[in-house]
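Trainee:
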Amino acid sequence: MYDMQNKVAIVTGGSLGIGQATALAFAREGAAVVVADVDQENGQNTVEQITGDGGQAHFVRVDVSKADQVQQMVRETVDVFGRLDYACNNAGIGGKTAPIGEYPEEDWQRVININLTGVWLGTKYEIQQMLHNGGGAIVNMASILGEVGIANSSAYVAAKHGVIGLTRAAALEYSDQGIRINAVCPAFIITPMLEAAGILNNPDLRTEITNRHPIGRLGQPDEVAETVLWLCSDAASFVTGHAMLVDGAYTVQ
1 MYDMQNKVAI
11 VTGGSLGIGQ
21 ATALAFAREG
31 AAVVVADVDQ
41 ENGQNTVEQI
51 TGDGGQAHFV
61 RVDVSKADQV
71 QQMVRETVDV
81 FGRLDYACNN
91 AGIGGKTAPI
101 GEYPEEDWQR
111 VININLTGVW
121 LGTKYEIQQM
131 LHNGGGAIVN
141 MASILGEVGI
151 ANSSAYVAAK
161 HGVIGLTRAA
171 ALEYSDQGIR
181 INAVCPAFII
191 TPMLEAAGIL
201 NNPDLRTEIT
211 NRHPIGRLGQ
221 PDEVAETVLW
231 LCSDAASFVT
241 GHAMLVDGAY
251 TVQ
């Protein structure tokens, strides 16, 4: 579908869920993929799936909230594959659920550090490398909760709103230098994160969450991954600074 031969992509949070689906999709289209995550076991499994199908992939262990580790991730990408063309800053956590008045400061800071600062650090150092290539494309993983609110998840909502703002500002700064920067805003997707939140294994809660989506179902990781690939591809060459909803009409109600 897309010609990504001789291109190189980084996917943070590439071990499971949306990140894994995105890494596999990049590889399917011919890109060499750096799978970056704190989860080494599942990250290596993603790499093995890619290489087992004849693709090129490399695992880098990274805590995206640490600037030195993000810099090293980009350096190692170039050391192994020679360049950087695409990046999906997908790594994130769900965080604690509690009303703002009861939300622990340490939990707030952890969510912000990973979900917002981690995206900022990735974008920052990926841009620096892409300027050496003469351009590239970055997709930051936001959420429907970057566009709307939900109770008891103030840190997550704040971080995802921040990701959209960061993406728009970065797009303005680098569009004339050949770097397109967009965001994707998924609704509730069937991933390990949703399972960890107790939604998938609770029939009543799953039904209630599903019914919030007019399309009548939850999303699949591949559906988000395909959106990321389109935004990175030449088919989206005039698209930058956009926050694209992948939400089964959740936010238009």
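This note's numbering puts the sequence shown at residues 1 to 253. Here a beta-carbon is modelled for each residue, glycine too, at the ideal position from N, C-alpha and C. All values derive from a computational prediction rather than experimental measurement.
Does the beta carbon of Leu-84 fall short of 7 angstroms from some heavy atom of the ligand COA?
Mentor: Looking at this structure, you won't find the ligand COA or any other ligand, since it has none at all.
Trainee: Which full runs of the alpha helix (DSSP H) of 4+ residues lie inside the segment 180 to 237, going along the chain?
Mentor: 192 to 196, 203 to 210 and 221 to 232
Trainee: Three or more C-beta pairs under 8 angstroms: does that hold for the segment 113 to 124 against the segment 158 to 172?
Mentor: Contact between the segment 113 to 124 and the segment 158 to 172 is present: three or more C-beta pairs spanning the two stretches fall below 8 angstroms.
Trainee: How is the alpha helix (DSSP H) around Asn-133 delimited, first residue to last?
Mentor: 118 to 133
Trainee: Quick one: what does DSSP say Ala-32 is sitting in, helix, strand or coil?
Mentor: strand
Trainee: Assign Arg-217 to one of two classes, buried (16 or more other C-beta atoms within 10 Å of its C-beta) or exposed (fewer than that).
Mentor: Looking at its Cβ environment, which holds fewer than 16 other Cβ atoms inside 10 Å, Arg-217 is exposed.
Trainee: May I ask you to report which of helix, strand or coil DSSP gives Arg-61?
Mentor: strand
Trainee: Could you spell out the range, first to last residue, of the beta strand (DSSP E) harbouring Gly-136?
Mentor: 136 to 141 is the span of the beta strand (DSSP E), which, as asked, contains Gly-136.
Trainee: Could you tell me whether the segment 24 to 40 touches the segment 95 to 114, where touching means 3 or more Cβ pairs closer than 8 angstroms?
Mentor: no
Trainee: For Met-1, count neighbouring C-beta atoms within 10 Å of its own C-beta (all shown protein chains included) and say buried if the count is 16 or more, exposed if not.
Mentor: exposed
Trainee: Provide the residue span of the alpha helix (DSSP H) that contains Asn-45, from first to last.
Mentor: 40 to 52
Trainee: Assign Val-80 to one of three DSSP states: helix, strand, or coil.
Mentor: Assigned with DSSP and collapsed to three states, Val-80 falls in helix.
Trainee: Pop quiz: Pro-186 and Ile-144 are said to be a contact at Cβ under 8 angstroms. What is the actual Cβ separation, rounded to whole angstroms?
Mentor: 7 angstroms
Trainee: What whole-angstrom Cβ distance do Met-130 and Gly-92 have, given they're in contact under 8 angstroms?
Mentor: About 22 angstroms; that fails the 8 angstroms criterion.
Trainee: Taking the alpha-carbon of Ser-175 as reference, which of Asn-211, Phe-238 and Asp-68 has the nearest alpha-carbon?
Mentor: For the residues Asn-211, Phe-238 and Asp-68, the minimum Cα distance to Ser-175 belongs to Phe-238.
Trainee: Only counting the same chain, and skipping five residues up and downstream in sequence, which positions put a Cβ closer than 8 angstroms to that of Val-74?
Mentor: Ile-10, Leu-84, Tyr-125, Glu-126, Gln-128 and Gln-129
Trainee: What residues in its chain sit with their C-beta under 7 angstroms from that of Gly-134, if we drop five residues either side in the sequence?
Mentor: Gly-178
Trainee: Determine the DSSP secondary structure at Thr-251, reduced to helix, strand or coil.
Mentor: helix
Trainee: Using DSSP bridges, identify the partner residues of Tyr-86.
Mentor: Ala-9 and Ala-137
Trainee: Exposed or buried, which one is Val-252 when buried takes at least 16 other CB atoms within 10 Å?
Mentor: exposed
Trainee: Residues in the same chain with beta-carbon distance under 7 angstroms from Cys-232, minus the five sequence neighbours each way, listed in chain order, please.
Mentor: Tyr-86, Ala-137 and Val-139
Trainee: Is it buried or exposed, Leu-205, if we count other Cβ atoms within 10 angstroms and call 16 or more buried?
Mentor: exposed
Trainee: Between Gly-30 and the rest of its own chain, which residues show a CB-CB distance below 6 angstroms, the 5 nearest in sequence each way excluded?
Mentor: Met-4 and Gln-5
Trainee: DSSP state of Met-1, grouped into three classes?
Mentor: coil
Trainee: Given this structure, state the Cα-to-Cα distance separating Val-256 from Ser-65, to the nearest angstrom.
Mentor: Because the chain in this structure spans residues 1 to 253, residue 256 falls outside the shown range and cannot be described.
Trainee: Determine, using beta carbons only, whether Ile-189 and Gly-219 come nearer to each other than 8 angstroms.
Mentor: yes
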